[in-house]
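Residue numbers (this note's numbering): 11 to 160.
Some notes on the structure that comes next.
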């Protein structure tokens, strides 16, 4: 494998990022379609969308955002061939540095409770499961089949 470069997203990464997210998050509802997320992120804090490249291929990505009270991490993805080598941790550290540079004091993220592997990954890099209830409300239609709004 070639050396991995992590940097902010650029328009030339579009097709490769769409392929990665479509592969990793197959089955996501239409509102989370990669093209929609990229377009929306381009309007709000686009500097907090990071990609990991092997050559010109996007093999990892993460989105972050700061709402003025706390930061949020969304759609961390690592191509299956590049997992368990520290890339997910590197992407998270990059996103956290971006948020910290904006003055963000705390980071939150949401993971489906049934996804224990992902929960354990986040715990391994210092995140704690908080005793909270996540609520959601669709402003343009019903929740998805799982009722979890994701």
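By construction, the Cβ of each residue, glycine as well, lies at the ideal position given by its N, Cα and C atoms.
Every value quoted in this text rests on a predicted model; they were computed, and no experiment measured them.
Burial state of residue i, where buried means 16 or more other Cβ atoms lie within 10 Å
| i | result |
| --- | --- |
| residue 44 | buried |
| residue 27 | buried |
| residue 88 | buried |
| residue 65 | exposed |
| residue 155 | Confidence at residue 155 is low in this model, with a pLDDT of 49, below 50, so its placement is unreliable and the value that follows should be read with caution. So residue 155 ends up on the exposed side. |
| residue 116 | exposed |
| residue 123 | exposed |
Simplified DSSP state of residue i, which is helix, strand or coil
| i | result |
| --- | --- |
| residue 140 | coil |
| residue 20 | coil |
| residue 117 | strand |
| residue 78 | coil |
| residue 35 | coil |
| residue 45 | helix |
| residue 67 | strand |
| residue 148 | coil |
| residue 26 | helix |
CA nearest to the CA of residue i, picked from the options
| i | options | result |
| --- | --- | --- |
| residue 30 | 85, 140, 41 and 76 | 85 |
| residue 143 | 119, 149 and 132 | 119 |
| residue 139 | 147, 149, 148 and 128 | 128 |
| residue 149 | 16, 14, 13 and 41 | 41 |
| residue 22 | 14, 13 and 48 | 48 |
Touching by the beta-carbon criterion (3+ pairs, under 8 Å), the region 56-63 and the region 99-117: Because the criterion of three Cβ pairs below 8 Å is met, the region 56-63 and the region 99-117 touch.
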